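Written below as structure tokens is the structure these notes are about.
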Amino acid sequence: MKIAKTIRLQAQDFYISVLQDLVDNGLRFMLGGGFAMYHYTGIERDTKDLDIFCKPSEYPKILKLLGDKGYNTELTDVRWLVKIFRDDHYIDVIFDTVNNICTVDDTWYEHASSGIYEGIPIKYIPAEELVWCKLYVQNRERYDGADINHILLKYGKSLDWKRLLFRMDPHWHLLLAQLLSFQFVYPADYHDIIPKWLFDELVERAREQYDIPAAIEKVCRGPVIDQTQYETDIKLWNYKVSTIKTT
């Protein structure tokens, strides 16, 4: 127990040091992951790392600053992720999602929620963007549906549903599926949280799918939500990959 507590304190000291360096040098960032989940839901979990979000144009500045400060840095995946290390602890600096759909832009900062972490003024990614990102995490090893339901339960009445629909418009099926999940999980709460206009709009879209011809191209959009489990469809069954980019 003492060892585990020591490790947690070391990680916290690392996080505080990095965040203070970023604030002192005027670099923009937002917290996501477990810290944002706690901010919006009150659910506390033993996070293994800290997730920092920024625009793609901003992560090089963060890497350079922290590298100059003596931290180990890694350009993990130029498409969406870099890492900051100290000893056995690390911080993820995220500027996109692995499917390159949820790219961080200025609107994230405009709608970010303000807070304080260990005396340091910080911002959390907007709840709408948190849900947006999590709607695409539906793979075998990790499924974020329960996280989304908890966000909707605890923060749904304050959510900008029109902006979330705008984010999810190209992939609205995923939003409808999540709302049905929420109805199932919380039968006493969805009336007061999920706007009826939104549910009616998405159900009507689903109904209209049967009023139009079936797609000619055999497309599998599975890789948008799971990058491994739909390999058979692409490699053996000759489905084409969907690569829709949203704004």
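Heads up: take any position in the sequence shown, counting from 1, add 3, and you land on my numbering. Each residue gets a CB set at the ideal place from its N, CA and C atoms; glycine is no exception. Please read all numbers here as calculations on a predicted model, not as lab measurements.
Let's see if you can read the secondary structure: which residues bound the alpha helix (DSSP H) around residue i?
| i | result |
| --- | --- |
| histidine 92 | Counting along the chain, histidine 92 falls outside any alpha helix (DSSP H), though it belongs to the beta strand (DSSP E) covering 92-97. |
| lysine 238 | 234-238 |
| isoleucine 65 | 62-71 |
| isoleucine 196 | 193-196 |
| valine 227 | Taken as a continuous stretch (DSSP letters only), valine 227 belongs to no alpha helix (DSSP H), as it is neither H nor E. |
| histidine 176 | 175-188 |
Taking just the CA atoms, how far does residue j sit from residue i?
| i | j | result |
| --- | --- | --- |
| isoleucine 215 | alanine 209 | 11 Å |
| tyrosine 193 | histidine 174 | 22 Å |
| histidine 114 | valine 244 | 32 Å |
| arginine 31 | valine 134 | 21 Å |
| alanine 183 | lysine 72 | First, the residue type needs correcting, since residue 183 is leucine and not alanine in the sequence shown. Distance between the alpha carbons of leucine 183 and lysine 72: 48 Å. |
| glycine 225 | tyrosine 233 | 6 Å |
| valine 96 | isoleucine 55 | 5 Å |
| asparagine 28 | threonine 106 | 24 Å |
| phenylalanine 98 | leucine 239 | 33 Å |
| aspartate 80 | aspartate 150 | 25 Å |
| arginine 11 | glutamate 144 | 25 Å |
| serine 117 | aspartate 52 | 20 Å |
| isoleucine 104 | aspartate 236 | 21 Å |
Of the choices the options, whose alpha-carbon is the least far from that of residue i?
| i | options | result |
| --- | --- | --- |
| alanine 39 | Tyr127, Pro63 and Ser60 | Tyr127 |
| proline 190 | Cys223, Leu201, Gln212 and Asn152 | Asn152 |
| phenylalanine 17 | Asp236, Gly35, Glu121 and Asn241 | Glu121 |
| leucine 25 | His114, Tyr74 and Asn103 | Tyr74 |
| valine 101 | Lys165, Lys72, Ser116 and Leu138 | Leu138 |
| leucine 201 | Ala217, Ala180 and Gln212 | Ala180 |
| glutamate 78 | Cys57, Tyr62, Gly118 and Asp91 | First, the amino acid is wrong: residue 78 is leucine here, not glutamate. Nearest of Cys57, Tyr62, Gly118 and Asp91 to leucine 78, Cα basis: Tyr62. |
| phenylalanine 169 | His92, Asp49, Leu205 and Phe187 | Leu205 |
Is DSSP giving residue i helix, strand or coil here?
| i | result |
| --- | --- |
| lysine 221 | coil |
| glutamine 141 | strand |
| phenylalanine 17 | helix |
| aspartate 203 | helix |
| glutamate 77 | strand |
| lysine 160 | helix |
| valine 101 | coil |
| tyrosine 146 | strand |
| leucine 34 | strand |
For residue i, collect the residues of the same chain with a Cβ closer than 8 Å to its Cβ; drop the 5 residues on either side in sequence, then sort them by chain order.
| i | result |
| --- | --- |
| lysine 160 | Asp195 and Ile196 |
| threonine 76 | Leu66, Leu69, Gly70, Val85, Lys86, Ile87 and Phe88 |
| leucine 167 | Glu131, Val134, Trp135 and Leu178 |
| lysine 64 | Leu30 |
| aspartate 147 | Lys137, Leu138, Val140 and Gln141 |
Ends of the beta strand (DSSP E) at residue i?
| i | result |
| --- | --- |
| lysine 86 | 84-89 |
| tyrosine 120 | 116-120 |
| phenylalanine 56 | 53-56 |
| proline 124 | 123-127 |
Output needed for residue i: all residues of its chain with C-beta closer than 7 Å, excluding positions within five of it in sequence on either side, in chain order.
| i | result |
| --- | --- |
| lysine 221 | Asn241, Tyr242 and Lys243 |
| tyrosine 41 | Glu47 |
| glutamine 15 | none |
| isoleucine 154 | Tyr43, Thr44, Ala130, Leu133 and Val134 |
Excluding the five sequence neighbours on either side, which residues of its own chain have a C-beta within less than 6 Å of the C-beta of residue i, listed in chain order?
| i | result |
| --- | --- |
| tyrosine 158 | Tyr43 and Ala130 |
| isoleucine 228 | Tyr139 and Gln141 |
Answer yes or no: does any C-beta atom of chain B fall closer than 7 Å to that of residue i?
| i | result |
| --- | --- |
| glutamine 13 | Among the protein chains of the structure shown there is no chain B, as only one such chain exists. |
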